[in-house]
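Numbering (my numbering), first residue to last: 76 to 338.
Here the structure is laid out as structure tokens; the discussion comes afterwards.
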Amino acid sequence: MRIGAHVDPTDPLAEATARAAETVQFFLSDPQGWKAPKPREDAERLRAADVDLYVHAPYVINVATLNNRIRIPSRKLLLGHAQAAAAVGAKGLIVHGGHVNAGDDLAVGFDNWRKTFAYAAESGGFGVPVLIENTAGGDNACARRLDALARLWDAVGDYGAGFCLDTCHAHAGGEELLGLVDRVKAITGRIDLVHANNSKGAFGSGQDRHDNLDGGTIDPELVVAVIRAAGAPVIVETPGGVTGQAADIAFLREQLGTESPAV
């Protein structure tokens, strides 16, 4: 089981070494912006590394929305990030499940997700697995609650969509972590990546506020149980920089009985 962290994108491999991480996740552009990612000068070095790489798509992407001025640029930006992720040898591209606006038909949002995968297929494919991540808040979200996730997977499952399970988002979104992996896999058939985060917000609060594994409102043993059941690579997106994340990674290795990578 490979464990790592979300890191600064300037030199992801150095960040991995600093945390004794076997995998890293990073952005390829401003997560709050609409600019397409630029080719990286270190792409060959990244592709050749022993560290597994994941790319997180910008937060602004929302392919579910009925708003054309958001949805259409979101599709293009998602495809551009997927192609850029493939260029650096990433194992996958993580993107949030998105939402529709209040009063809009959520069914249209799910169909917009289907159209997004169809659009990509017509454009030659994403090039990397696209991992849809569950989200913490919103009554009109496509991937907050499992009933919505089931409807989403009816729309995109046949396109080979992957799933990223975030423990903070699940807890804050109102889904019990105990037995969650089995309930998710009954819908998606897969969990490709776990975002192992504690939650500053209470259960069902809808607050997307991550905490270190030994803090927050989630029993750390529940996070470990999710990871063990999922059997997928793990990324911590926790605060505290190198020190905080290295401690979280070490905690998980101790609990799971895995060894640190050779330096």
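Here a beta-carbon is modelled for each residue, glycine too, at the ideal position from N, C-alpha and C.
Every value quoted in this text rests on a predicted model; they were computed, and no experiment measured them.
Following the DSSP letters along the chain, one finds Thr-98 inside the beta strand (DSSP E) bounded by residues 98 to 101. According to the DSSP assignment, Val-130 belongs to the beta strand (DSSP E) that extends over 127 to 131.
Between the C-alpha atoms of Tyr-234 and Ala-159 there is a straight-line separation of about 20 Å. Put simply, the backbone Cα of Glu-197 is about 23 Å away from that of Val-163. Relative to Asn-176, the option among Ala-223, Asp-214, Ala-322, Lys-151 whose CA is nearest is Asp-214. With the rule of 3 Cβ pairs closer than 8 Å, the stretch 141 to 156 counts as touching the stretch 182 to 196.
If you ignore the 5 residues before and after Ala-124, its C-beta comes within less than 7 Å of the C-beta of Leu-88, all in its own chain and listed in chain order.
By the Cβ neighbour-count rule, Arg-122 is exposed, with fewer than 16 other Cβ atoms within 10 Å of its own.
For the pair Gly-291 and Gln-320, the Cα-to-Cα distance works out to about 15 Å. The beta carbons of Pro-204 and Gly-155 sit no closer together than 8 Å. Between the C-alpha atoms of Lys-260 and Ile-207 there is a straight-line separation of about 14 Å. Ranked by Cα distance from Gly-264, the options Val-231, Gly-202, Thr-191, Ile-293 are led by Val-231. C-alpha of His-244 to C-alpha of Val-256: approximately 14 Å in a straight line.
When rounded, the separation of the alpha-carbon atoms in Ala-325 and Asn-272 is 14 Å. Take Glu-312, set aside five residues on each side of it, and the residues of its chain with a beta-carbon closer than 6 Å to its own are His-81, His-270, Asn-272, His-285, in chain order.
Distance from the Cα of Val-135 is smallest, within the candidate group Ala-111, Glu-119, Ala-118, Leu-128, for Ala-111. Bounds of the alpha helix (DSSP H) holding Cys-243 are 242 to 248.
In the structure shown, Glu-208 adopts extended strand secondary structure according to DSSP, grouped into three states. Secondary structure of Asn-176 (DSSP, three-state): coil. Annotated as proximal: Leu-168 and Val-130, with beta-carbon spacing under 8 Å. Phe-278 carries a coil assignment under DSSP once its states are collapsed to helix, strand and coil. Beta-bridge partners of Asp-286 (DSSP): Asn-273.
Of the candidates Lys-151, Arg-258, Thr-318, the residue whose Cα lies closest to the Cα of Ala-223 is Arg-258.
The DSSP-derived three-state label of Gly-306 is coil. Distance between Lys-113 and Ser-274, taken at the CA atoms: about 33 Å. In the three-state DSSP reduction, Phe-238 falls in the strand class (E or B). The C-beta distance from Thr-98 to Ile-310 rounds to 7 Å, short enough to fall under 8 Å.
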